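Colleague:
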Amino acid sequence: MESAEDRRDGIPPMDESRQTSQEQGEPAIAEAPAAPPAEAGEAVEERADSEHQPDEFEDFPEPDEMAVPAPVESVDLPEAADPALEDDEAGESALIEDLGEAPEALQDSRKIKAALEAMLFASGDPITARRLGNALNLSSDQVREHLAEMTKEFEDSGRGLLIAETAEGYQLSTRGEYADWILRLLRHKRRSPLSPAALETLAIIAYKQPIIRADVDAIRGVESGGVIRTLVDLGLIEIAGRKEVLGRPQLYATTDAFLRAFGLKKIEDLPSIQQLREKYRVGGGS
Numbered sequence: 000m001e002s003a004e005d006r007r008d009g010i011p012p013m014d015e016s017r018q019t020s021q022e023q024g025e026p027a028i029a030e031a032p033a034a035p036p037a038e039a040g041e042a043v044e045e046r047a048d049s050e051h052q053p054d055e056f057e058d059f060p061e062p063d064e065m066a067v068p069a070p071v072e073s074v075d076l077p078e079a080a081d082p083a084l085e086d087d088e089a090g091e092s093a094l095i096e097d098l099g100e101a102p103e104a105l106q107d108s109r110k111i112k113a114a115l116e117a118m119l120f121a122s123g124d125p126i127t128a129r130r131l132g133n134a135l136n137l138s139s140d141q142v143r144e145h146l147a148e149m150t151k152e153f154e155d156s157g158r159g160l161l162i163a164e165t166a167e168g169y170q171l172s173t174r175g176e177y178a179d180w181i182l183r184l185l186r187h188k189r190r191s192p193l194s195p196a197a198l199e200t201l202a203i204i205a206y207k208q209p210i211i212r213a214d215v216d217a218i219r220g221v222e223s224g225g226v227i228r229t230l231v232d233l234g235l236i237e238i239a240g241r242k243e244v245l246g247r248p249q250l251y252a253t254t255d256a257f258l259r260a261f262g263l264k265k266i267e268d269l270p271s272i273q274q275l276r277e278k279y280r281v282g283g284g285s
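Residue 0 is where the sequence shown starts when you use numbering that gives the first Met the number 0, and the numbers rise one by one after that.
1. Starting from the N-terminal side, write out each stretch of the alpha helix (DSSP H) that is 4 residues or longer and does not extend beyond the stretch 115-188.
2. Just mark residue 245 as buried or exposed, buried being the case when its beta carbon has 16 or more other beta carbons within 10 Å.
3. Quick check on the burial criterion: 16 or more other C-beta atoms within 10 angstroms. Buried or exposed for residue 127?
4. CB residue 197 to CB residue 230, shorter than 8 Å?
5. Taking a contact to mean a Cβ-Cβ separation below 8 Å, would you say residue 146 touches residue 153 in this structure?
6. Tell me the DSSP bridge mates of residue 252?
7. Could you check which residue in 157, 107, 235, 236 has the C-alpha nearest to that of residue 174?
8. Quick test of your reading: residue 224 and residue 212, contact by CB under 8 Å. State the CB separation rounded to the nearest angstrom.
9. Could you check the C-alpha separation between residue 256 and residue 143 for me, to the nearest Å?
10. Restricting to Cα atoms, I'd like to know which of 259, 252, 263, 261 is closest to residue 206.
11. Taking only the alpha-carbon atoms, compute the straight-line gap between residue 179 and residue 270 and give it to the nearest angstrom.
12. Who are the near neighbours of residue 168 in its chain, counting only those whose CB is closer than 6 Å to its CB and skipping five residues on each side?
13. Which residue wins for smallest C-alpha separation from residue 248, given the options 116, 222, 214?
14. When the Cα atoms are used, what is the spatial distance from residue 115 to residue 131?
15. Pick out whichever of 203, 166, 176 has its Cα sitting closest to the Cα of residue 273.
16. Going along the chain, which unbroken runs of the alpha helix (DSSP H) with 4 or more residues stay wholly within the stretch 202-227?
17. Check whether the Cβ atoms of residue 172 and residue 166 sit closer than 8 Å, and answer yes or no.
18. Helix or strand or just coil, what does DSSP make of residue 199?
19. Taking the alpha-carbon positions, what's the residue 140 to residue 216 distance?
20. Taking Cβ to Cβ, would you say residue 209 is nearer than 8 Å to residue 240?
21. From this set, 194, 200, 159, 193, which residue's C-alpha is nearest residue 181's C-alpha?
22. Between the alpha carbons of residue 192 and residue 200, how many angstroms are there, rounded?
23. Count the other C-beta atoms from every protein chain shown that fall within 10 angstroms of the C-beta of residue 261, then say buried if there are 16 or more, exposed otherwise.
24. Going by CA-CA distance only, name the one from 176, 111, 151, 170 that's closest to residue 290.
25. Looking at the structure shown, is residue 259 part of a helix, part of a strand, or coil, going by DSSP?
Put into structure tokens, the structure is as follows:
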């Protein structure tokens, strides 16, 4: 029965059986709960998931059903790459063997010279004696001997070609006396000649290298910054370090392209400044 005092305090009425138990001295907690705590917790989690989880995840597979990636051990990259490497090595060995067999058909000195001439023509750029020798299975000294004979033969026959030796190797070039005819044929590719100021600056750097710009200016008597930048852009000179003085200005020196352009093997082969001015003098201002 619900008492007036219980209704006044807002306390829900107690079941008669529980009231009887308490009156008999039995503890109220002895009554077993309706569901185990674990099951109650699971029920709460399932209810929360059903309330908050979006519908798009309803069909998402369970962790056990998801695809498992293949183990890393199933991919063996080194073994897969070995056949290609073996093929490359075999091809390289075959190439070396082919190059080694070629000189057997070129035992004749005349044919060796013809092969050297053909390779120099096909390359266009300077080639070292060692590289030529590797192609023909000859020593560098043997190549130099054949090239020296070819140089003399070119001279004696009055050919328009010559074999020039530069700092980078040997190169097949045209003779200077035929330059006007070549330029007339290739006038659309003709480059503007260096100005007197550029030739003067280049000669100073060539003979005084390494040299700073201030010293070039002092020798020429004028400012040379613009001319030096032009020569650097043309690849005829380059920055060769810094002078250990106040401000550490840049030092300039000639390049291999300079030696090749003037047909020189080393910088010591330079002609005199007067010869350079007479040979490359052009009209116009500085």
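Virtual Cβ for every residue (Gly too), placed ideally from N, Cα, C.
Please read all numbers here as calculations on a predicted model, not as lab measurements.
Modeller: On the basis of the coordinates in this document:
1. 128-135, 139-156, 178-184, all fully within the stretch 115-188.
2. It counts as exposed.
3. The residue is exposed, with fewer than 16 neighbouring Cβ atoms inside 10 Å.
4. In contact: residue 197 and residue 230 (Cβ atoms closer than 8 Å).
5. Going by C-beta atoms, residue 146 is not nearer than 8 Å to residue 153.
6. Answer is 237, bridged to residue 252.
7. Of all alpha-carbon atoms in 157, 107, 235, 236, the one lying nearest the alpha-carbon of residue 174 is that of 157.
8. About 6 Å separates the CB atoms of residue 224 and residue 212; that is less than 8 Å, so the two are in contact.
9. Straight-line Cα distance between these residues: approximately 22 Å.
10. Residue 206 has its Cα closest to that of 252, out of 259, 252, 263, 261.
11. Cα to Cα, residue 179 sits roughly 22 Å from residue 270.
12. Result list for residue 168: 125, 126, 127, in chain order.
13. Comparing Cα-Cα distances from residue 248 to each of 116, 222, 214, the minimum goes to 214.
14. Cα-Cα distance, rounded: 7 Å.
15. It is 203.
16. DSSP runs (the alpha helix (DSSP H)) wholly in the stretch 202-227: 212-219.
17. Taking C-beta atoms as the reference points, residue 172 and residue 166 fail to come closer than 8 Å.
18. In this structure, DSSP gives residue 199 a helical state, which the three-state scheme calls helix.
19. A direct Cα-Cα distance of roughly 45 Å separates residue 140 from residue 216.
20. For residue 209 and residue 240, yes; Cβs fall inside 8 Å.
21. Here the closest residue by C-alpha is 159.
22. Rounded to whole angstroms, the gap between the alpha carbons of residue 192 and residue 200 is 14 Å.
23. Taking a 10 Å sphere around the C-beta of residue 261, we find 16 or more other C-beta atoms and assign the residue as buried.
24. In this structure the chain extends from 0 to 285, so residue 290 is not present and cannot be described.
25. Helix, per DSSP.
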